[in-house]
Each structure stands twice: as structure tokens, then as C-alpha cells.
Amino acid sequence: MGELGPVDAIVLGFPGQRLTPSVLDAVDEVEARGDVRVIDMLIVVKDVHGEITHHEVSEYADLRDMAAEIAARRMLGLAGESDAEQIGLIMPPDSLVVVVFVENVWAREVAVRIREAGGRLLSYTRLPQATLDDMEDQIETAAAYGDGSDPGPGPAEV
194 MGELGPVDAI VLGFPGQRLT PSVLDAVDEV EARGDVRVID MLIVVKDVHG
244 EITHHEVSEY ADLRDMAAEI AARRMLGLAG ESDAEQIGLI MPPDSLVVVV
294 FVENVWAREV AVRIREAGGR LLSYTRLPQA TLDDMEDQIE TAAAYGDGSD
344 PGPGPAEV
């Protein structure tokens, strides 16, 4: 199989027990561009009574092509029944969660070279959307004051 780039587990939650194909179509489109590669998926459903079940991607007609591609890569099996149970414990009733495991293909060569040089990844943090929104607001505020001045309160004067 060769070297893998960094792998992310993206957890998507939906109300109800139906999978919305358009969201996964977007993942498929990103994969088609070559930015990421879907290497496994886990679908967990919690019914209105709290019963937890998990499903294979191939059980969903809209996802059979994606399931065949994942199976051809021999990558299925990153997550299983115990993972589904753990996820199910924190899910609200009458909901569905899809965990999409993606390899960051764009970073594969960088990861290989880091390992070849004896290095290793020390930290990886994904910034939550709220943090990005705050940063954007700060940038827009700074841009509004092109001279670099800050209209807000500064440090206390001594």
C-alpha cells in the first residue's frame, strides 16, 4: 500500500435516522480532486428508544460505489463495533453519525520526508469554526483601521 499521509476522522451528525447523500457527495467531490482519500467509513444510528446499530457503507445504495473503492484499497476496518458503541453512548436518540476516515493526500510526501529525516509529528490541532470566525472578525476590524491603530481598550496604564 505504501506510505500513508496524515489521517483524520471526520465525525458528521444528523438528526433522524436517514443519511443525507448530498453531504457525502461533497466528500466524494473533494476526493475526486485528489486532496483527500476516503479510507474507511462508519455509520452509527441511534433510534428513538436508544438502541444503537452500526452499518457498513455498502448497505446504502447511494454509497455503494464509494464502498467498492474503499474495499479495493483494503482499508476497511479502521473502526468497528466497539467504536460504534462508544459513539452511540454520546449520541442523542433518533440520530445518525457518519465517521469518515480520510487520508490527507496533499500531505503524504511531506509526511514521508519528515519520517525519512527521523522526525515525527509532535502536534496537530484542527481549529474549530468558532475560533476561525473570531480570527476573521479580528482581521476585519484591523483592516478597518488601516493605520494599525486599535480602537478598543488597551493594556492598563501604570
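Residue 194 is where the sequence shown starts when you use the working numbering, and the numbers rise one by one after that.
Beta carbons: idealized from backbone N, C-alpha and C, even for Gly.
The Cβ atoms of His247 and Val231 lie no closer than 8 Å to each other. When DSSP states are grouped into helix, strand and coil, Ser251 belongs to the helix group. In the DSSP assignment, the residues bridged to Asp201 are Val295. Per DSSP, reduced to three states, the secondary structure at Val220 is helical. Boundaries for Val229: no beta strand (DSSP E) harbours it, and the DSSP string shows neither H nor E there. Under DSSP, Thr246 forms a beta bridge with Val238.
By the Cβ neighbour-count rule, Val241 is exposed, with fewer than 16 other Cβ atoms within 10 Å of its own. Judged by DSSP secondary structure, Asp330 falls within the alpha helix (DSSP H) whose first and last residues are 322-337.
For Leu282, the uninterrupted alpha helix (DSSP H) run begins and ends at 274-283, by DSSP. Along the length of the segment 295-319, whole alpha helix (DSSP H) runs at least 4 residues long occupy 301-309, reported in chain order.
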